[in-house]
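For reference, the structure discussed in these notes is given below.
In the numbering used here, the protein residues as written are 3 to 115.
So, in structure tokens, the structure goes:
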């Protein structure tokens with residue numbers, strides 16, 4: 003009767019354990035929950051974030067500068083807005099005060115978008 007090679011058995015056992023740990027880790031990674039909360043931020047890669055849209059805006063408007071405005075609409079529209087521009091607002095709501103709303107309406111009435 004031959005004695006089993008203990009070194010070979012040990013290597014097979016360690017390989018099996020590492021394989022099971024790897025499979026368990028992959029299964030656990032696949033169970034990661036998707037965050038469906040709307041954030042509309044350009045820096046996150048969530049389903050309701052705007053990172054992909056922000057990245058591809060140059061393709062939608064070729065040859066045009068794309069600028070992210072983070073100040074209140076009133077301040078930018080009155081003091082810094084170019085003569086011809088288009089504004090895209092990304093959010094589930096657009097809370098504008100009276101001054102900002104009027105500035106935006108005047109901007110649109112002047113032929114802008």
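For each residue, glycine too, the CB sits at the ideal point set by N, CA and C. Just so we're clear, the structure is a prediction, and the values are computed from it rather than from any experiment.
Contact belief for residue i with residue j at Cβ below 8 angstroms, rounded distance in angstroms
i, j, result
"residue 114", "residue 87", "6 angstroms"
"residue 109", "residue 90", "Their Cβ separation, rounded to whole angstroms, is 13 angstroms, which puts residue 109 and residue 90 out of contact at 8 angstroms."
"residue 49", "residue 94", "With 8 angstroms as the limit, residue 49 and residue 94 do not qualify as a contact, their Cβ atoms being about 13 angstroms apart."
Inter-residue Cα distance where the pair is residue i and residue j
i, j, result
"residue 107", "residue 55", "25 angstroms"
"residue 15", "residue 9", "10 angstroms"
"residue 59", "residue 66", "10 angstroms"
"residue 38", "residue 29", "21 angstroms"
"residue 62", "residue 25", "42 angstroms"
"residue 98", "residue 70", "18 angstroms"
"residue 103", "residue 77", "11 angstroms"
"residue 101", "residue 42", "24 angstroms"
"residue 85", "residue 92", "22 angstroms"
"residue 73", "residue 31", "39 angstroms"
"residue 96", "residue 33", "35 angstroms"
"residue 7", "residue 13", "10 angstroms"
"residue 68", "residue 46", "19 angstroms"
Residue i, buried or exposed, once every other Cβ within 10 Å from all chains shown has been counted against 16
i, result
"residue 18", "exposed"
"residue 22", "exposed"
"residue 51", "buried"
"residue 105", "buried"
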